[in-house]
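**Student:**
There are 2 protein chains.
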Amino acid sequence: MARLYHVPLSPFCRKVRLCLAEKKIEVELVEERYWEGDPDFLKRNPAGKVPVLRLDGITMSESGAICEYIEETRPEPPLLPKDPGGRMEVRRLVGWFDDKFHAEVTSKLLYERVNKKVMKQGYPDSLNVKAGAKAIKFHLDYMAWLLDRRRWLAGDVMTLADFAAGAHFSALDYTSDVDWNRHAVVKDWYAKIKSRPAFRSILADQIPGMSPPPHYADLDF
Amino acid sequence: MARLYHVPLSPFCRKVRLCLAEKKIEVELVEERYWEGDPDFLKRNPAGKVPVLRLDGITMSESGAICEYIEETRPEPPLLPKDPGGRMEVRRLVGWFDDKFHAEVTSKLLYERVNKKVMKQGYPDSLNVKAGAKAIKFHLDYMAWLLDRRRWLAGDVMTLADFAAGAHFSALDYTSDVDWNRHAVVKDWYAKIKSRPAFRSILADQIPGMSPPPHYADLDF
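Respectively, the protein sequence lines represent chains A and B.
Residue numbering for the first sequence follows full-length UniProt numbering, starting at 1 and increasing by one per position.
Residue numbering for the second sequence follows full-length UniProt numbering, starting at 1 and increasing by one per position.
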């Protein structure tokens with residue numbers, strides 16, 4: 001069986017979990033306190049971070065590389081369209097969320113509130129939290145702009161771009177950092193993606209000492 | 001003709017330039033002061049960063065998405081192997097350089113020394129410069145470990161992983177931030193990649209007010 005070394009609220013791990021679940025690949029989840037630098041783990045990934053996936057006898061890291069591998073070896077159901085322009089758009093948006101959104105929002109809110117606590121690295125920096133809370137509004141506006149023109153983020157079918165975004169937003173929703181009332185079209189998008197079977201394992205996550213808000217796992221939030 | 005909005009020392013722009021040149025795609029280079037947030041440029045890429053490539057009537061951004069598009073539409077000469085495991089390894093290393101190396105080295109050395117000056121954002125932070133100078137040693141050691149086992153970074157043929165790494169290293173070499181004497185095998189690798197015709201345009205770059213060291217464009221450095 002596949003094995004994923006992960007932490008529950010990591011958006012990069014969640015993206016891989018969503019891909020695996022959508023493709024119906026069974027996986028054993030192993031929580032990895034990667035910041036402790038266990039030598040056995042560093043052998044699996046000298047970059048010292050999660051996700052690390054063991055699949056088909058290969059030890060993989062870098063969530064982007066992992067998702068492309070899954071797509072290439074398990075093409076059904078597809079998470080990338082067939083035409084190169086459509087694929088570019090999906091990968092552009094995956095980059096948008098995993099790079100820009102991650103730097104401006106996830107690292108400023110989730111990492112300040114959750115990672116610092118879990119890793120015993122002190123208290124949230126209020127300037128970062130403020131900057132993240134401001135930046136997420138711009139991103140919600142951009143998503144609304146896209147979703148006014150498309151059924152899903154990258155076009156008319158669900159793709160890896162929706163999973164990348166859904167992974168970040170679900171983690172931020174655990175700490176009540178998303179204002180779902182800002183744009184009905186974004187809330188509708190999240191309700192659609194949240195109700196997919198692939199999302200079930202993510203909505204069942206529980207971080208010791210940190211309860212999610214009641215709406216977190218509610219499909220009709 | 002293709003058009004690339006770029007800045008000369010950006011490793012992400014250089015990676016795209018190397019791909020275009022290796023595939024013999026002619027391109028018009030347009031320098032874009034992206035940090036000034038010109039509204040026309042923001043229409044091309046609302047993320048507000050370079051590279052942005054106009055090709056086949058499509059405006060593309062995110063260097064990873066751009067390189068995959070080029071590879072899919074111009075497969076010769078290939079920059080990704082055919083087998084999914086080999087492709088995963090290439091993409092893992094592209095992620096290594098564009099994410100980890102970028103955060104630990106490029107942003108601490110090149111951005112402190114060059115970007116801050118060009119963008120008029122003050123003086124280099126000496127703590128960052130020190131941290132970058134320390135971190136690049138670990139990365140050179142990891143590359144030597146790989147290159148002791150492989151002819152190129154991701155295997156026995158040159159791939160996008162070599163271009164990603166070459167893009168960062170060539171930019172850092174412009175500011176004399178690479179100790180090429182640390183590992184002969186890494187120096188040999190860089191001499192090999194530097195001598196490819198695709199590298200010519202990059203080695204001809206000149207930043208006003210900042211001359212590269214004499215060895216920068218020397219193929220026999």
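Quick reminder that beta carbons are idealized off the backbone N, C-alpha and C, glycines included.
(1) Taking 7 Å as the threshold (C-beta atoms), are T73 (chain B) and P78 (chain A) in contact?
(2) Just to make sure I have the definition right: I need the residues of chain B whose C-beta is within less than 7 Å of the C-beta of S61 (chain A). Which are they?
(3) Mind listing the chain A neighbours of A165 (chain B)? Cutoff is C-beta to C-beta under 7 Å, in chain order.
(4) Between M60 (chain A) and L93 (chain B), what straight-line distance do the alpha-carbon atoms span, to the nearest angstrom?
(5) Counting Cβ pairs, one atom from each stretch, are 3 or more of them under 8 Å apart for the region 150-157 of chain B and the region 205-215 of chain B?
(6) Rounded to a whole number of angstroms, what is the C-alpha to C-alpha distance between G48 (chain B) and I58 (chain B)?
(7) Counting only beta-carbon atoms, is T175 (chain A) nearer than 7 Å to chain B?
(8) Kindly say whether K100 (chain B), judged by its beta-carbon, lies nearer than 7 Å to any beta-carbon of chain A.
(9) What is the DSSP secondary structure of T59 (chain A), reduced to helix, strand or coil?
(10) Quick check on V30 (chain A): does DSSP put it in helix, strand or coil?
(11) Can you tell which of A:E71, A:W35, A:Y174 has its C-alpha closest to the C-alpha of Q121 (chain A)?
(12) Tell me the DSSP secondary structure of V50 (chain A) in three-state form.
(13) Quick check: the Cα distance between W180 (chain A) and D179 (chain B), rounded to an integer number of angstroms?
(14) Quick one: is K84 (chain A) near chain B, going by C-beta distance under 7 Å?
(15) Judging by CA-CA distance, which residue of A:L80, A:A133, A:V129 is the nearest neighbour of K23 (chain A)?
(16) List the residues that DSSP assigns as beta-bridge partners of I207 (chain B).
(17) State the DSSP-derived secondary structure class of R17 (chain B), mapped to helix, strand or coil.
**Tutor:** The short version:
(1) As a working mapping, residue 78 (chain A) is identified with position 78 in the first sequence. As a working mapping, residue 73 (chain B) is identified with position 73 in the second sequence. No; because the gap between Cβ atoms is not below 7 Å, this pair is not in contact.
(2) Locating residue 61 (chain A) in the first sequence gives position 61, counting from the first residue. Near S61 (chain A) (Cβ distances below 7 Å), the residues of chain B are R92.
(3) Taking the first residue of the second sequence as 1, we reach residue 165 (chain B) at position 165. None at all; the shortest Cβ gap to chain A is about 14 Å.
(4) For the purposes of this step, residue 60 (chain A) is taken as residue 60 along the first sequence, with counting starting at 1. For the purposes of this step, residue 93 (chain B) is taken as residue 93 along the second sequence, with counting starting at 1. Those two C-alpha atoms are separated by around 11 Å.
(5) no
(6) Within the second sequence, numbered from 1, the residue matching residue 48 (chain B) stands at position 48. Within the second sequence, numbered from 1, the residue matching residue 58 (chain B) stands at position 58. Cα to Cα, the separation comes out at about 17 Å.
(7) Looking up residue 175 (chain A) in the first sequence gives position 175. False, the Cβ-Cβ gap to chain B never drops below 7 Å.
(8) As a first step, residue 100 (chain B) is located in the second sequence; it is residue number 100 there, counting from the start. So yes, K100 (chain B) belongs to the interface.
(9) Within the first sequence, numbered from 1, the residue matching residue 59 (chain A) stands at position 59. Strand.
(10) If you number the first sequence from 1, residue 30 (chain A) lands on position 30. V30 (chain A): strand per DSSP, three-state reduction.
(11) Within the first sequence, numbered from 1, the residue matching residue 121 (chain A) stands at position 121. Considering only alpha carbons, the answer is A:W35.
(12) Along the first sequence, one-based indexing puts residue 50 (chain A) at 50. V50 (chain A): coil per DSSP, three-state reduction.
(13) Counting from one through the first sequence, the residue named residue 180 (chain A) turns up at place 180. Counting from one through the second sequence, the residue named residue 179 (chain B) turns up at place 179. W180 (chain A) and D179 (chain B): Cα-Cα distance of roughly 51 Å.
(14) Taking the first sequence and counting its residues from 1, the one referred to as residue 84 (chain A) is at position 84. The residue you asked about is not Lys; residue 84 (chain A) is Pro in the sequence shown. Judged by the 7 Å Cβ criterion, P84 (chain A) is in contact with chain B.
(15) Residue 23 (chain A) sits at position 23 when you count from the first residue of the first sequence. Comparing Cα-Cα distances from K23 (chain A) to each of A:L80, A:A133, A:V129, the minimum goes to A:L80.
(16) Walking along the second sequence from the start, residue 207 (chain B) turns up at place 207. Paired residue(s): B:M210.
(17) Start at 1 with the first residue of the second sequence, and residue 17 (chain B) comes out as number 17. R17 (chain B) falls in the helix class under three-state DSSP.
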